[in-house]
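Undergrad: Residue numbers (this note's numbering): 419 to 641.
Rendered as C-alpha cells:
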C-alpha cells in the first residue's frame with residue numbers, strides 16, 4: 419500500500435445511518451452552498467428525519483478541489499513523521515484507572531500538558547486496525563483519538579472545536595502523536611474554518627474517518 423495514503427474526514431450525526439451513503443473523497447464542510455449530492459436522509463421517512471433533528475450540508479467536489487489546491491496536503495506518513503508530543507509511561511494514579519477485568523495488556527499516557535488541561539476532553543478512539551484488514555494504514559500502525567474543546571469561548575463553550583490526535587504506534591514502546599485540527603471549507607473553498615461542533619464517537623473505515631458531532635441543539639451531517 420502507498421505509505422502516503424491520506425484520510426478524508428466526514429463529520430456525521432448518526433454514523434450507522436449515513437456512513438454508507440456519504441460521497442467518496444469529501445471533506446467536511448459547513449459553509450458550502452447546496453450541491454447535486456443526493457441527500458441520504460431522503461431514504462428515511464420525514465417523521466423519523468424530523469425526530470432526529472438532522473440536516474444535510476454537502477460540499478461540492480469543486481469546493482473541495484479549490485481548497486485542496488490552496489493547501490499543502492500531506493498524507494498519514496507525513497503527519498506521523500512530524501509527531502511532536504511523546505507519550506509517557508502512566509504514573510501510579512493513572513495506572514489505577516486501568517480496567518481490572520480484562521486487564522490492560524499495554525498502556526500509555528498523554529504528555530503532561532494534555533493530560534492535565536481542563537480545556538480539552540477526549541471523546542473517542544479508533545485505529546488503523548479498524549481501517550484496513552491488515553491492521554495498518556500503508557506501512558503505519560496508528561491510533562486516532564478525538565478531543566472536544568470545553569474551555570471558555572463565545573457562545574456555548576461545549577461546541578467550539580474538534581481535534582484529533584494521530585498517534586504513531588509503529589513502536590508500541592515509544593508512542594508519539596501530533597494534533598490535527600478538523601476544519602471546514604468556506605467561501606467555495608477559498609478559505610477554511612474550524613469545525614464548530616462537540617465531537618462524539620469516531621470510526622475509521624477505508625479512507626474515511628467518521629466523527630459524530632453536535633452543533634448547538636442540532637445534529638449535522640457534513641460529507
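The C-beta atom is built at its ideal place from N, Cα and C for all residues, glycine as well.
Just verifying my parser: in three-state terms, what is the DSSP assignment at residue 492?
TA: Mapped onto the chain shown, residue 492 falls at position 74. Correct three-state label for residue 492: coil.
Undergrad: Kindly indicate which residue of 503, 529, 502 has the alpha-carbon position closest to the one of residue 509.
TA: The sequence position of residue 509 within the chain shown is 91, counting from 1. Measuring from the Cα of residue 509, the nearest candidate turns out to be 529.
Undergrad: Output the boundary residues of the alpha helix (DSSP H) element that contains residue 586.
TA: As a first step, residue 586 is located in the chain shown; it is residue number 168 there, counting from the start. Segment 580 to 586 is the beta strand (DSSP E) holding residue 586; no alpha helix (DSSP H) there.
Undergrad: Quick check: what's the CA-CA separation for residue 520 versus residue 513?
TA: Position 102 of the chain shown, counting from 1, holds the residue named residue 520. Position 95 of the chain shown, counting from 1, holds the residue named residue 513. Distance between the alpha carbons of residue 520 and residue 513: 14 Å.
Undergrad: Under 8 Å, do residue 598 and residue 558 count as touching if we go by C-beta distance?
TA: For the purposes of this step, residue 598 is taken as residue 180 along the chain shown, with counting starting at 1. For the purposes of this step, residue 558 is taken as residue 140 along the chain shown, with counting starting at 1. No, these two residues do not count as a Cβ contact at 8 Å.
Undergrad: By a C-beta neighbour count over all protein chains shown, 10 Å radius and 16 as the cutoff for buried, is residue 489 buried or exposed?
TA: Walking along the chain shown from the start, residue 489 turns up at place 71. Burial call: exposed.
Undergrad: Would you check whether the ligand ZN has a heavy atom nearer than 7 Å to the C-beta of residue 527?
TA: With respect to the ligand ZN, the structure shown offers nothing to examine, as it has no ligands at all.
Undergrad: Take residue 527 as the anchor and find which of 593, 622, 550 has the nearest alpha-carbon.
TA: As a working note, residue 527 is residue 109 in the chain shown. With distances taken between Cα atoms, residue 527 lies closest to 593.
Undergrad: Hey, quick one: how far does the beta strand (DSSP E) through residue 604 stretch, first residue to last?
TA: Here residue 604 refers to the residue found at position 186 when the chain shown is read from its first residue. Residues 601 to 604.
Undergrad: For a test of the three-state rule: what should DSSP assign to residue 481, helix, strand or coil?
TA: On the chain shown, residue 481 is found 63 positions in, with the first residue counted as 1. Here residue 481 sits in helix by DSSP.
Undergrad: Skipping 5 residues on each side, what residues in its chain have a beta carbon closer than 7 Å to that of residue 549?
TA: Position 131 of the chain shown, counting from 1, holds the residue named residue 549. Cβ neighbours of residue 549 beyond the five flanking positions: 555, 622, 623, 624.
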